[in-house]
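Here is the structure we will look at.
Residue numbers (this note's numbering), protein chains in the order written: chain A, 520 to 626; chain B, 141 to 255.
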């Protein structure tokens with residue numbers, strides 16, 4: 520079992536839909552990253568959060584440290600949101616990455 | 141631009157040649173990571189530095205790979221005698237690691253194609 524698991528692995532949505540991507544982890548952490556990677560592009564940090572909820576535009580990230588679970592929500596999804604979304608947690612000395620969720624938003 | 145920069149962005153080389161990638165992290169960041177990413181996969185950890193010290197090296201990193209971070213600033217990743225299996229995106233990231241975490245900032249990556 521991976522230390523960081525994401526679901527779903529692939530997701531196709533219609534424009535305007537509310538999207539949820541989940542991340543569960545088995546290690547004790549102090550913070551969690553959500554990252555975004557567009558096809559052929561670099562990796563961009565979306566959020567780093569250690570408790571509660573953070574919001575940036577149409578993106579909302581929540582974390583429950585006790586349950587070792589985080590979610591990334593996208594409201595009013597748009598085709599430009601199509602990307603791979605990756606959660607990452609800091610291990611003892613390096614980040615551990617989830618396998619990513621490949622999101623495709625159709626117009 | 142104060143982000144993480146990598147050079148070159150693309151490199152095409154013939155099998156057996158040596159290649160070197162450079163990463164300039166965000167200036168005050170104490171940690172620098174190298175990752176490798178192949179198509180459709182997540183980043184695979186290669187190695188990381190705390191200031192100038194290389195503290196961990198993945199078993200993925202054969203002895204053809206070497207990384208340095210002289211003076212704790214920029215870093216280089218050299219691949220000797222390249223093989224077609226080395227074709228990948230090589231990602232550099234840096235963070236200001238305090239206590240148990242630090243926000244990770246990635247460069248745009250250096251894409252290597254070995255013919």
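All C-beta atoms in this analysis are idealised placements derived from N, C-alpha and C, irrespective of residue type, glycine included.
request  = Quick one: residues in its chain with C-beta nearer than 7 Å to the C-beta of residue 597(A), no 5 flanking neighbours on either side, listed in chain order?
outcome  = Correct list, in chain order: 534 and 624.
message = On the DSSP bridge list, what partners appear for residue 566(A)?
response = Bridge partners of residue 566(A): 553(A).
request  = Check residue 157(B) in the structure and name its three-state DSSP category.
outcome  = Coil at residue 157(B), not helix or strand.
inquiry  = Beta carbons nearer than 7 Å to chain A: which residues of the region 170–190 of chain B have them?
reply    = Cβ contacts with chain A come from 173, 182, 183, 185 and 188.
query = Taking the C-alpha atoms as reference points, what is the distance between residue 201(B) and residue 169(B)?
reply = Cα to Cα, the separation comes out at about 24 Å.
ask   = When the Cβ atoms of the region 607–623 of chain A are set against those of the region 143–158 of chain B, are three or more pairs found closer than 8 Å?
value = Flag = no, the region 607–623 of chain A and the region 143–158 of chain B do not touch.
Contacting positions in the region 234–248 of chain B - beta carbon closer than 9 Å to chain A = Flagged, chain order: 235, 237, 239, 240, 241, 242, 243, 244, 245, 246, 247 and 248.
ask   = Given residue 566(A), which residues of its chain have a CB within under 6 Å of its CB, disregarding the five upstream and five downstream residues?
value = Within the same chain, Cβ atoms closer than 6 Å to the Cβ of residue 566(A) are found at 553, 573 and 580, the five residues on either side in sequence being excluded.
query = Taking just the CA atoms, how far does residue 160(B) sit from residue 187(B)?
reply = Here the C-alpha atom of residue 187(B) lies approximately 15 Å from the C-alpha atom of residue 160(B).
ask   = So is residue 552(A) in contact with chain B if we call contact Cβ pairs under 8 Å?
value = Cβ-Cβ to chain B under 8 Å: yes for residue 552(A).
query = Under a CB-based cut-off of 8 Å, is residue 607(A) close to chain B?
reply = Yes, residue 607(A) counts as interfacial toward chain B.
message = Assess contact between the region 207–215 of chain B and the region 586–594 of chain A, defined as three or more Cβ pairs (one per stretch) separated by less than 8 Å. Is contact present?
response = A contact is defined here as three or more CB-CB pairs under 8 Å, and the region 207–215 of chain B fails this definition with respect to the region 586–594 of chain A.
query = Are the beta-carbon atoms of residue 235(B) and residue 246(B) separated by less than 8 Å?
reply = No, these two residues do not count as a Cβ contact at 8 Å.
query = Anyone know if the C-beta pair for residue 162(B) and residue 146(B) falls short of 8 Å?
reply = Yes. Within cutoff.
message = Contact between the region 603–612 of chain A and the region 539–555 of chain A is defined here as three or more beta-carbon pairs at a separation below 8 Å; is this criterion met?
response = Pairwise C-beta distances place the region 603–612 of chain A in contact with the region 539–555 of chain A, as three or more of them are shorter than 8 Å.
query = Hey, is residue 168(B)'s beta-carbon within less than 8 Å of any beta-carbon in chain A?
reply = For residue 168(B), the answer is no, since every Cβ of chain A falls outside 8 Å of its Cβ.
request  = Let me know if residue 558(A) comes out buried or exposed under the rule of 16 or more other beta-carbons within 10 Å of its beta-carbon.
outcome  = Result: exposed.
ask   = Relative to the alpha-carbon of residue 143(B), which residue among 172(B), 229(B) and 179(B) has its alpha-carbon at the smallest distance?
value = Selected option, being the one with the closest Cα: 172(B).
task = Ignore the nearest five residues each way along the sequence and tell me which others in residue 229(B)'s own chain have a CB closer than 6 Å to its CB.
result = Within the same chain, residue 229(B) has close Cβ partners 177, 249 and 251.
request  = Would you kindly work out how many angstroms separate the C-alpha atoms of residue 185(B) and residue 174(B), rounded to a whole number?
outcome  = Cα to Cα, the separation comes out at about 6 Å.
task = Report the three-state DSSP secondary structure of residue 224(B) (helix, strand or coil).
result = Residue state, collapsed to three classes: helix.
request  = Identify whether residue 210(B) lies in helix, strand or coil by the three-state DSSP scheme.
outcome  = Collapsing the DSSP output to three states places residue 210(B) in a helix.
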